[in-house]
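Participant: Once you've had a glance at the structure underneath, I'll fire off some questions.
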Amino acid sequence: MAVRSLIGVFGLLFALALVGCSPQASGKTRLVVAIQPTLSAAEMLEKARPLEQYLEQRLGDVDVEIYVPLTQAGVIEALRFGQAHVAFMGPFPAQLAVERANAELVLAEVREVVHGQQKVEASYYFSYWVVRADSPYQKLEELRGRRACFPSPVSSSGYIAPMARLIELGLLPRPTQGEVDPKAFFGEVLFAGGYGQCWEALKAGQVDVTIIAGDVPESLYREVLANTRVLEQQGPLPSHAVVVSKDLKEPLRSRVIEALLGLNAPEYRPLMRQFVSGLFVGFQRSDAATHLGSFQQFVKTTRIAFTERINP
């Protein structure tokens, strides 16, 4: 039951000769589970040991191996080439895994989010365009040529869905080539690195409008809404998901899904908040069309491509 990190293309190709969902010399089947590279590989490897042990105890005759790639793109390639059989993924990588690796979305994360003013447990949430409470702007169309802050150019709730909303409202042209350009509407665009940073920029008067989402820490969410005015909203936005490789066959496929559903027990919540999201409550059965349908449309509308930085 090794826990390891494979780095780069050569590591991937070498691993293809070593791993697979097939019987091993020990008589056990090997199952490779890919987790999100949110921290350094060394940190993720250490934190993953309890998850590996849980799955081996639940599955019994399966040798579980935790795989920590450098990037989400590495997870997609691992699923595509049979290096990984199960993966925890955000909505954008999950969508790419379905499209490019022929993977199947089988579980959606249920998380603690806020819908409007109500705290709920759900697999989806919304995001909101906000201006300061003392702002003169009452509608999004009044912000043409003004300054906007977004947390990240690949944030589903903080950028992709808001850009799709501007297109839907006729405030931005629908792109036919390349990605949507926010500067076709706003005079200045800032990517600050997070919702908290954008809120600070709005408070300081450095920008005129920003985005807040219902899946940020509740204290930040409520602070923002208490001091701003909501102009528009977009959604629903999907939570994280579990996808499985086409190489994961029955009956192991069903056994793995049932084992993952067992992580819904409250005692596993602290563990899973390290690998899925800090708001994790549990999993529920789903599929790509159900869970990613709205997000697929946002990406199609904006033509935004997935990019990511590489963790050391």
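Residue numbers (my numbering): -9 to 302. Quick reminder that beta carbons are idealized off the backbone N, C-alpha and C, glycines included. Since the model is a prediction, treat every value here as computed from it, not as a measurement.
What are the complete beta strand (DSSP E) segments, minimum 3 residues, inside the region 216 to 243?
Facilitator: List check, beta strand (DSSP E) in window: 218 to 228 and 231 to 234.
Participant: Reducing DSSP to helix, strand and coil, say where Arg245 ends up.
Facilitator: Numbered from 1 along the sequence shown, position 255 holds the residue referred to as residue 245. The answer is helix: DSSP assigns Arg245 an H, G or I state.
Participant: Can you tell which of His230, Ser284 and Lys193 has the C-alpha that lies nearest to the C-alpha of Val215?
Facilitator: If you number the sequence shown from 1, residue 215 lands on position 225. The sequence shown places Leu at residue 215, rather than the Val named in the question. Measuring from the Cα of Leu215, the nearest candidate turns out to be Lys193.
Participant: What does a CB cutoff of less than 6 Å around Ala68 pick up in its chain, not counting 5 residues either side in sequence?
Facilitator: Here residue 68 corresponds to residue number 78 of the sequence shown, with the count starting at 1. Excluding positions up to five away in sequence, the list reads Ala24 and Ala74.
Participant: For the alpha helix (DSSP H) holding Tyr44, just list the boundary residues, first then last.
Facilitator: By one-based count along the sequence shown, residue 44 stands at place 54. First-last of the alpha helix (DSSP H) with Tyr44: Arg39 to Leu49.
Participant: Within 10 angstroms of the Cβ of Thr291, are there 16 or more other Cβ atoms? Answer buried if so, exposed if not.
Facilitator: Here the question's residue 291 lines up with position 301 in the sequence shown. The residue in question, Thr291, is buried, as its Cβ has 16 or more Cβ neighbours within 10 Å.
Participant: Which of the three DSSP states, helix, strand or coil, is assigned to Val214?
Facilitator: In the sequence shown, counting from the first residue as 1, residue 214 sits at position 224. Residue state, collapsed to three classes: helix.
Participant: From Tyr118 to Ser146, what distance separates their C-alpha atoms?
Facilitator: Indexing the sequence shown from 1 puts residue 118 at position 128. Indexing the sequence shown from 1 puts residue 146 at position 156. Whole-angstrom Cα-Cα distance: 12 Å.
Participant: Under the DSSP definition of a beta bridge, which residues are partnered with His105?
Facilitator: Looking up residue 105 in the sequence shown gives position 115. The partner list for His105 (beta bridge, DSSP) reads Gln108.
Participant: Taking only the alpha-carbon atoms, compute the straight-line gap between Ala154 and Glu99 and give it to the nearest angstrom.
Facilitator: Counting from 1 along the sequence shown, the entry for residue 154 is found at position 164. Counting from 1 along the sequence shown, the entry for residue 99 is found at position 109. Taking the straight line joining both Cα atoms gives about 24 Å.
Participant: Taking the alpha carbon of Tyr57 as the point to measure from, which residue in Leu29, Val22, Val266 and Ser30 has its own alpha carbon closest?
Facilitator: By 1-based counting over the sequence shown, the position of residue 57 is 67. Measuring from the Cα of Tyr57, the nearest candidate turns out to be Val22.
Participant: What first and last residue would you give for the beta strand (DSSP E) that runs through Glu190?
Facilitator: Position 200 of the sequence shown holds residue 190. Not the beta strand (DSSP E): Glu190 falls in the alpha helix (DSSP H), residues Tyr185 to Lys193.
Participant: Ser372 and Ala93: beta carbons closer than 8 Å?
Facilitator: It is not possible to answer for residue 372, since the shown part of the chain is limited to -9 through 302.
Participant: Where do the N-terminal and C-terminal ends of the beta strand (DSSP E) with Val271 fall, by residue?
Facilitator: For the purposes of this step, residue 271 is taken as residue 281 along the sequence shown, with counting starting at 1. It spans Phe270 to Arg275 - the beta strand (DSSP E) in which Val271 sits, taken as one unbroken run.
Participant: Would you give the residue range spanned by the beta strand (DSSP E) that Leu180 belongs to?
Facilitator: As a working note, residue 180 is residue 190 in the sequence shown. Per DSSP, Leu180 belongs to the beta strand (DSSP E) from Glu178 to Phe181.
Participant: Taking just the CA atoms, how far does Lys18 sit from Gly184?
Facilitator: Taking the sequence shown and counting its residues from 1, one reaches residue 184 at position 194. Taking the sequence shown and counting its residues from 1, one reaches residue 18 at position 28. Rounded to whole angstroms, Gly184 to Lys18 spans 44 Å at the Cα level.
Participant: Can Ala231 and His281 be called in contact, C-beta distance under 8 Å?
Facilitator: Residue 231 sits at position 241 when you count from the first residue of the sequence shown. Residue 281 sits at position 291 when you count from the first residue of the sequence shown. Yes, the pair counts as a contact, with Cβ atoms nearer than the cut-off.
Participant: Taking 7 Å as the limit between beta carbons, can you name the residues of its chain near Leu261, skipping five residues before and five after?
Facilitator: Looking up residue 261 in the sequence shown gives position 271. Within the same chain, Leu261 has close Cβ partners Pro40 and Leu41.
Participant: Using the three-state DSSP reduction, which class does Ala98 fall into: helix, strand or coil?
Facilitator: Position 108 of the sequence shown holds residue 98. In the structure shown, Ala98 sits in a strand (DSSP, three-state: E or B).
Participant: Compare the beta carbon distance of Val289 and Gln85 with 8 Å and say whether it is the shorter of the two.
Facilitator: Walking along the sequence shown from the start, residue 289 turns up at place 299. Walking along the sequence shown from the start, residue 85 turns up at place 95. Their beta carbons are under 8 Å apart, which means Val289 touches Gln85 by this criterion.
Participant: In chain order, what residues of the same chain have a beta carbon less than 6 Å from the beta carbon of Ala7, not counting five sequence neighbours either side?
Facilitator: Translated into positions along the sequence shown, residue 7 becomes position 17. At Ala7, the pLDDT of 38 sits below 50, so the modelled position is not reliable; the number obtained from the coordinates is stated separately. Nothing meets the Cβ criterion.
Participant: Phe71 to Leu29, Cα distance in whole Å?
Facilitator: Residue mapping note: residue 71 aligns to position 81 of the sequence shown, counting from 1. Residue mapping note: residue 29 aligns to position 39 of the sequence shown, counting from 1. Phe71 and Leu29: Cα-Cα distance of roughly 24 Å.
Participant: Going by alpha carbons, who is nearest to Glu33 out of Asp51, Pro59, Tyr211 and Asp53?
Facilitator: For this step, residue 33 is matched to residue 43 along the sequence shown. Minimum Cα distance to Glu33 is reached at Pro59.
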